[in-house]
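Residue numbers (our numbering): 160 to 219. Contents: one structure, followed by commentary.
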């Protein structure tokens, strides 16, 4: 699973390989974004983070 935030010309990706997402099943997914960090939460558990303070480290 992956979330992306685009700020001006920069793109920040936050991703996780766990858990596998299954068809026909409900999930509670939250993407929390601040000026410093992006977080990916699945079913109440933090599954991925991405620092957003250094554009040079952003994924394109």
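For each residue, glycine too, the CB sits at the ideal point set by N, CA and C.
Is it buried or exposed, residue 207, if we count other Cβ atoms within 10 angstroms and call 16 or more buried? buried
Nearest by alpha-carbon distance to residue 186: which of 205, 195, 209 and 201 is it? 201
Measure from the alpha carbon of residue 194 to the alpha carbon of each residue in 211, 173 and 172, then state which is nearest. 211
Would you kindly work out how many angstroms separate the C-alpha atoms of residue 192 and residue 198, rounded to a whole number? 6 Å
So for residue 209, helix, strand or coil by DSSP? strand
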